[in-house]
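When you read off a place in the sequence shown, starting at 1, and then add 666, the result is the number in the working numbering. As structure tokens, the structure follows; a few thoughts come after it.
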Amino acid sequence: MKNEYLIGVLETVKKRNAGEPEFIQAVTEVLETLEPVVEKRPDLVEAGVIDRLVEPERQIIFRVPWVDDNGKTQVNRGFRVQYNSAIGPYKGGIRLHPSVYIGIIKFLGFEQVFKNSLTTLPMGGGKGGSDFDPKGKSDGEVMRFCQSFMTELYRHIGADCDVPAGDIGTGAREIGYMFGQYKRLQNEFTGVLTGKGLTYGGSLARKEATGFGLCYFTDEMLKANGESFNGKTVVVSGSGNVAIYATQKATELGAKVVAMSDSNGYIYDKNGIDLACVKQLKEVERKRIKEYVTTHPDAVYTEGCSGIWTIPCDIALPCATQNEIDKASAEALVKNGCKVVSEGANMPSTPEAIEVYLSNGILYGPAKAANAGGVATSGLEMSQNSERLSWTFEEVDAKLKGIMKSIFAACDSAAKEYSTEGNYMAGANIAGFLKVAEAMKAQGCV
Ligand code: NDP
């Protein structure tokens, strides 16, 4: 980065957020791609838009006490970062994972601002979570945790103010418990959370949306470069919500998915993953992915996560977590003939891995564009809740497809306009930024 103003902003960010490497990483990536914008739009610099964007509007940290099945008090830490409300109410998921701390929630909130802007819907950016680990807990323990979490969070959120959703560790069960507690405390039935169950205001196709949307975006990117999913070999990391529905849609589009993983290890099935089995293991029985090989003798299970990127494939879809592909894994992908990396997870590639993609002509779909289908469909759930109507699966899916198409078009044309043709990461950052920046400038110094 050469621009002195941006170098100064980044120095302030590093000083102010020392000890939060994920947040600094996310900000650095965006600032680096904004250099041509800063040169072309001095008015936005003058309005202090970037100085304001690198600081969240509000950060809330709270104690979450709950009682486990042995009657013992447990204490977790809860977070909500209301990052930016320039273009709509704060919107973003809740992550429940032991690795959660304020730096993770801030990086996710920052990314969410640009992602939500790209969806074309009126949603600001936010994110929340806790270092609580739902894995291995009983339903009763998860419920007591969720109720305690919401007992603090409810005073900070609302259908027109801040609308949380799911993320790692927060699925339909957790959203249900949180929604129930919100309703009880506020005595109102509103669309305050998305990802709700279908019997109480959830949207059809929300569960599938991030994974399907990832494939719709990737398909657009492939088509723009004279390719398609048909006949391609695909590796998908993770076996959670995003990974499962990415695998389903990639298969429907004619590809063969040969590998999936969880945080313990990965499975390789040369015959193509039997998704019904993975769904049963992960969605119903909440078991480990290694169980897959007990019913599929041709498949191989390997302990550890990073080895999955050494499996030869045409397309890699990382759908687990941040920084899961480092330089060595990116080099292994390139060496084995991979031509496309498209991100279902948030920030799954390290900066060094992205360098490897860009210098080897890999088609690279960055998370904030490629995985925006989840939050876009959450936006559609909010619209249905406001209308007191529900749309069919086909209606929602068609809207999702249209949104992913327009997100790709926006990334593509911003990249061309700012002389970085084919660099969809730069295109996504620039297109997402410009809409938020115009709104911030118009609303004055707030
Ligand atoms: P889930 O909790 O449903 O699944 C997460 C998957 O990733 C699991 O297989 C999990 O394995 C694995 N995983 C989690 N942490 C790690 C880790 N540290 N190392 C290796 N594997 C890990 O979450 P989602 O599918 O909802 O989310 C996955 C990613 O997609 C996240 O980055 C999330 O932010 C992003 N995302 C999700 C959206 C959504 O709508 N759900 C929307 C946009 C982005 P295990 O079961 O062993 O923990």
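Every residue, glycine too, gets a C-beta built ideally from N, C-alpha and C. Please read all numbers here as calculations on a predicted model, not as lab measurements.
Residue j beta carbon less than 7 Å from that of residue i
i: LYS1071; j: GLU886; result: yes
i: ASN1051; j: THR1016; result: no
i: THR913; j: VAL924; result: no
i: LYS793; j: VAL747; result: yes
i: CYS971; j: ALA909; result: no
i: GLU1032; j: ALA1105; result: In the sequence as displayed, the identity of residue 1032 is Pro instead of Glu. Contact flag unset, no.
i: ILE1124; j: GLU688; result: Here the chain comprises residues numbered 667 to 1112, so residue 1124 is not present and cannot be evaluated.
i: TYR820; j: LEU851; result: yes
i: ALA1076; j: ILE1096; result: no
i: LEU888; j: ALA1036; result: no
i: VAL900; j: ILE1020; result: no
i: LYS1067; j: TYR882; result: yes
i: GLU840; j: ASP735; result: no
Near the ligand NDP: residue i beta-carbon under 6 Å from a heavy atom
i: CYS971; result: yes
i: ILE1028; result: no
i: VAL779; result: no
i: THR923; result: Reading the sequence as shown, one finds Val at residue 923 and not Thr. VAL923: no, Cβ never under 6 Å from the ligand NDP.
i: GLY1031; result: no
i: SER783; result: no
i: SER905; result: yes
i: ASP734; result: no
i: ALA1035; result: no
i: ASP928; result: yes
i: ILE834; result: yes
i: THR976; result: no
Residue environment, residue i, which counts as buried when at least 16 other CB atoms sit within 10 Å
i: PHE811; result: buried
i: PRO978; result: exposed
i: CYS1111; result: exposed
i: VAL950; result: exposed
i: ILE974; result: buried
i: ARG872; result: buried
i: ILE991; result: buried
i: MET667; result: exposed
i: PRO755; result: buried
i: GLY996; result: The question names Gly, yet the displayed sequence has Ala at residue 996. Per the 10 Å Cβ criterion, buried.
Residue of the options minimising C-alpha distance to residue i
i: PHE1074; options: ASN930, GLU874, GLY674, LEU784; result: LEU784
i: TYR710; options: ILE933, TYR671, ILE690; result: The sequence as given places Leu at residue 710; Tyr does not occur at that position. Out of ILE933, TYR671, ILE690, TYR671 has the C-alpha closest to the C-alpha of LEU710.
i: LYS1005; options: LYS1107, SER1025, ALA986, ASP992; result: SER1025
i: LEU983; options: ASN683, LEU1029, ASN1089; result: LEU1029
i: GLN740; options: VAL693, ASP799, GLU695; result: ASP799
i: LYS803; options: ASN1095, TYR820, GLY835; result: GLY835
i: GLY832; options: VAL733, LEU700, LYS757; result: LYS757
i: SER814; options: PHE728, VAL944, GLU1060; result: PHE728
i: ILE716; options: VAL675, ILE690, VAL733; result: VAL675
i: ASN742; options: ASN736, LEU762, ASP735, GLU723; result: LEU762
i: ILE939; options: ARG952, SER929, GLY931, HIS962; result: HIS962
i: PHE773; options: GLY685, GLY806, VAL730; result: GLY685
i: ALA875; options: GLY1045, VAL902, TYR932; result: GLY1045
i: GLU969; options: ASP828, ALA713, SER929, TRP1057; result: SER929
i: GLY1040; options: GLY759, PHE745, LYS1107; result: GLY759
Residue i CB to nearest heavy atom of the ligand COA below 6 Å
i: ALA1105; result: You won't find the ligand COA in this model; what it holds is the ligand NDP.
Cutoff 7 Å: residue i Cβ touching any chain D Cβ
i: SER765; result: No chain D is part of this structure, which consists of one protein chain only.
request  = Quick one: which unbroken alpha helix (DSSP H) runs of 4-plus residues sit fully inside the region 831 to 908? Chain order, please.
outcome  = The region 831 to 908 contains, as complete alpha helix (DSSP H) runs of 4+ residues, the segments 838 to 852, 872 to 890 (chain order).
Residue ranges of each alpha helix (DSSP H) within the region 955 to 989, 4 or longer = 958 to 961
inquiry  = For a minimum of 3 consecutive residues, which ranges assigned as the beta strand (DSSP E) are wholly contained in the region 1009 to 1064?
reply    = 1029 to 1031
request  = Return the chain-ordered ranges of every beta strand (DSSP E) run that is complete within the region 906 to 953 and spans a minimum of 3 residues.
outcome  = Whole beta strand (DSSP E) segments, 3+ residues: 922 to 927, 931 to 934.
inquiry  = Which complete beta strand (DSSP E) runs does the region 677 to 702 hold, if anything under 3 residues is left out?
reply    = none
ask   = Which parts of the region 700 to 757 are runs of the alpha helix (DSSP H), unbroken and 4 residues or longer, counting only runs that do not cross its ends?
value = 701 to 706, 708 to 712, 715 to 719
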